[in-house]
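Student:
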Amino acid sequence: PDLPAGALELEINDLTFGYNPDEPVLQGISLQLAEGRVLGVLGRTGSGKTTLARLLLRLYEPQQGEILLGGVPLRQTRLSDLRQHIGMVTQDVQLFHATVRDNLTYFNRAIADKRIIKVLSQIGLVNWYKNLPEGLDTILGSDGEGLSAGEAQLLAFTRVFLSDPGLIIMDEASSRLDPATEQLIERAVDTLLSNRTGIIIAHRLGTIQRADDILIIENGRILEYGPRARL
Ligand code: ATP
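UniProt numbering applies: residue 333 is where the sequence shown begins, and numbers increase by one.
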């Protein structure tokens with residue numbers, strides 16, 4: 333079945349997964365995230381946070397348990413449909429040697445320039461955009477050449493915003509950005525999350541305060557889980 337439009341509810345039931353089935357990386361993970369809520373995921377390096385994100389994108393199949401998105405078991409979704417409904421922002425932004433427009437729309441010509449420019453300004457990139465020598469036709473280097481780390485992150489947010497997914501997964505950058513960029517990013521995160529369900533692999537205190545629920549993973553198991561106010 334097709335996934336419903338709008339913010340998506342997420343349910344994970346007793347999920348167990350290991351890259352090597354004999355060595356589980358995640359064990360007995362269960363959680364429920366209502367439409368529009370934001371989950372902050374915390375845990376040490378290697379605790380399994382990124383693995384959880386990969387399972388949601390169906391890059392791997394769990395050995396045990398089930399994930400439901402919008403009430404639909406992940407196994408029963410079409411991959412193309414699933415990837416349209418989940419927006420992922422990771423620390424390393426993949427850019428192509430292509431125009432700004434194509435980088436932001438993944439070559440989807442149905443997205444009008446006006447909409448792109450509007451989102452760029454909502455995200456806080458209007459001055460960056462105004463300085464582009466050829467506007468949306470400006471070619472970007474594939475390695476993000478000429479972009480600051482903050483700008484690259486904001487471009488990734490713009491890209492996800494334009495694809496309008498019902499669930500956002502964000503793997504927050506752990507590196508420090510300058511305070512002005514930091515503030516832009518904080519605002520962009522708010523813009524991105526409004527009316528969407530969100531999972532943030534959190535490295536910043538500000539983000540944790542934005543989360544409705546908190547999940548703390550330790551060695552692949554749930555250490556703490558619940559509404560932020562109660563933890
Ligand atoms: P970090 O905060 O450093 O990103 P994390 O909590 O996201 O860590 P994961 O990347 O999910 O942790 O890794 C969990 C465990 O799975 C680690 O022991 C890691 O070595 C292992 N692992 C991750 N990716 C793979 C892979 N592709 N193949 C085999 N093992 C992997």
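A virtual CB, placed ideally from N, CA and C, is assigned to each residue, including glycine.
The beta strand (DSSP E) with Asn345 in it runs from where to where?
Tutor: 342 to 349
Student: Kindly indicate which residue of Glu514, Leu401, Ala385, Trp460 has the alpha-carbon position closest to the one of Gly338.
Tutor: Leu401
Student: Going straight from the alpha carbon of Pro511 to that of Glu477, what length do you get?
Tutor: 22 Å
Student: Determine the direct distance from the alpha carbon of Tyr351 to that of residue 564, and round the result to whole angstroms.
Tutor: What the structure shows of the chain is the stretch from 333 to 563, and residue 564 is not part of that stretch, so it cannot be assessed.
Student: Which complete alpha helix (DSSP H) runs does the segment 369 to 442 hold, if anything under 4 residues is left out?
Tutor: 381 to 388, 411 to 417, 432 to 437
Student: Compare the C-beta of Leu427 with all C-beta atoms of chain C and state if any pair is closer than 8 Å.
Tutor: The structure shown contains no chain C, having only a single protein chain.
Student: Apart from the five residues just before and just after Leu457, which ones in its own chain have a Cβ nearer than 6 Å to its Cβ?
Tutor: Around Leu457: Leu486.
Student: Does DSSP classify Pro559 as helix, strand or coil?
Tutor: strand
Student: Are the CB atoms of Ser495 and Gln416 nearer to each other than 8 Å?
Tutor: yes
Student: Counting C-beta neighbours from all protein chains within 10 Å, is the total for Asn435 16 or more, i.e. buried, or is it exposed?
Tutor: buried
Student: Span of the beta strand (DSSP E) holding Ser474?
Tutor: No beta strand (DSSP E) contains Ser474, which DSSP labels as neither H nor E.
Student: For residue 566, collect the residues of the same chain with a Cβ closer than 8 Å to its Cβ; drop the 5 residues on either side in sequence, then sort them by chain order.
Tutor: For the chain, the structure presents residues 333 to 563; residue 566 sits outside this window and is missing.
Student: From Phe489 to Ile344, what does the alpha carbon distance come to, in whole angstroms?
Tutor: 26 Å
Student: Output yes or no for whether 8 Å exceeds the beta carbon distance between Ile471 and Thr431.
Tutor: yes
Student: Buried or exposed for Gly378, going by 16 or more other Cβ atoms inside 10 Å?
Tutor: exposed
Student: Exposed or buried, what is Arg407 when buried is set at 16 or more other beta-carbons lying within 10 Å of its beta-carbon?
Tutor: Exposed, because fewer than 16 other Cβ atoms sit within 10 Å of the Cβ of Arg407.
Student: Verify the contact flag: Gly476, CB atom, against every heavy atom of the ligand ATP, threshold strictly below 7 Å.
Tutor: no
Student: Do you know offhand how far Thr513's Cα is from Gln395's?
Tutor: Going from the Cα of Thr513 to the Cα of Gln395 covers about 41 Å.
Student: What are the boundary residues of the beta strand (DSSP E) that includes Thr529?
Tutor: 529 to 533
Student: Among the candidates Ser362, Met420, Leu342, Lys446, whose CA atom is the shortest distance from the CA of Ile549?
Tutor: Ser362
Student: Residues with a Cβ closer than 5 Å to any heavy atom of the ligand ATP, in chain order?
Tutor: Tyr351, Val357, Thr377, Gly378, Ser379, Gly380, Lys381, Thr382, Thr383
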